[in-house]
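J.: Last residue of the sequence shown: 165 (the working numbering), numbering continuous.
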Amino acid sequence: MKRTFIIALCAFVLGGCASDDRTPLVVYSPHGKEMLTEYESLFEAAHPEVNVQWIDMGGQDAYDRIRTEKANPAASIWWGGDGPTFNRAAAEGLLAPYLPSWSNAMPEGTFSQDQFWYATYLTPEVIMFNSRTVSAPPMDWDDLLQPEWNDKII
């Protein structure tokens, strides 16, 4: 009985050591587990030879990590962030140009001219205010840093 248990235990442990022969695709992204899991399933179904490995982190964290890893990159793709951060990363030599087959369908302003990044969606960023109670509204994001707006921003 003891011998059977030891053999079963060894088989279980060694079974966990099986290698994955698929090509790893490491993606840094701030999009969250639910969304990333869905994309992983769809991508791996279309490309069974690829093993998608997500590292879920904020856009700034991804940028910082990519800067740190510049000499020895760990990520294959950085998916998610804003245009100014991607432009800064491109200027620092952190991104490689890429020309996807669908690039000619991208509207002007949704990609970098040097092919370093392409927007996957546009997020409107707005400042809303009640015109009945605010006579001099903030006109820029920096205006919100003024003391008059302390404790008035939701």
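The beta carbon of each residue, even a glycine, is placed where N, CA and C say it ideally should be.
To the nearest angstrom, how far is it from the Cα of residue 84 to the Cα of residue 36?
T.: Straight-line Cα distance between these residues: approximately 12 Å.
J.: Look at residue 122 and residue 112 and say whether their C-beta atoms are less than 9 Å apart.
T.: Taking 9 Å as the Cβ cut-off, residue 122 and residue 112 do not qualify as a contacting pair.
J.: For the stretch 125-133 and the stretch 146-156, state whether three or more C-beta atom pairs, one from each stretch, are separated by less than 8 Å.
T.: No, because fewer than three Cβ pairs between the stretch 125-133 and the stretch 146-156 fall closer than 8 Å, the two stretches do not touch.
J.: Classify residue 77: buried if its beta carbon has 16 or more other beta carbons within 10 angstroms, exposed otherwise.
T.: Buried.
J.: Enumerate, from N- to C-terminal direction, the unbroken alpha helix (DSSP H) stretches of 4 or more residues contained entirely within the stretch 23-98.
T.: Listed in chain order, the complete alpha helix (DSSP H) runs (minimum 4 residues) inside the stretch 23-98 are 44-57, 70-79.
J.: Decide if residue 109 is buried, meaning its Cβ has at least 16 other Cβ atoms within 10 Å, or exposed.
T.: It is exposed - the Cβ of residue 109 has fewer than 16 other Cβ atoms within 10 Å.
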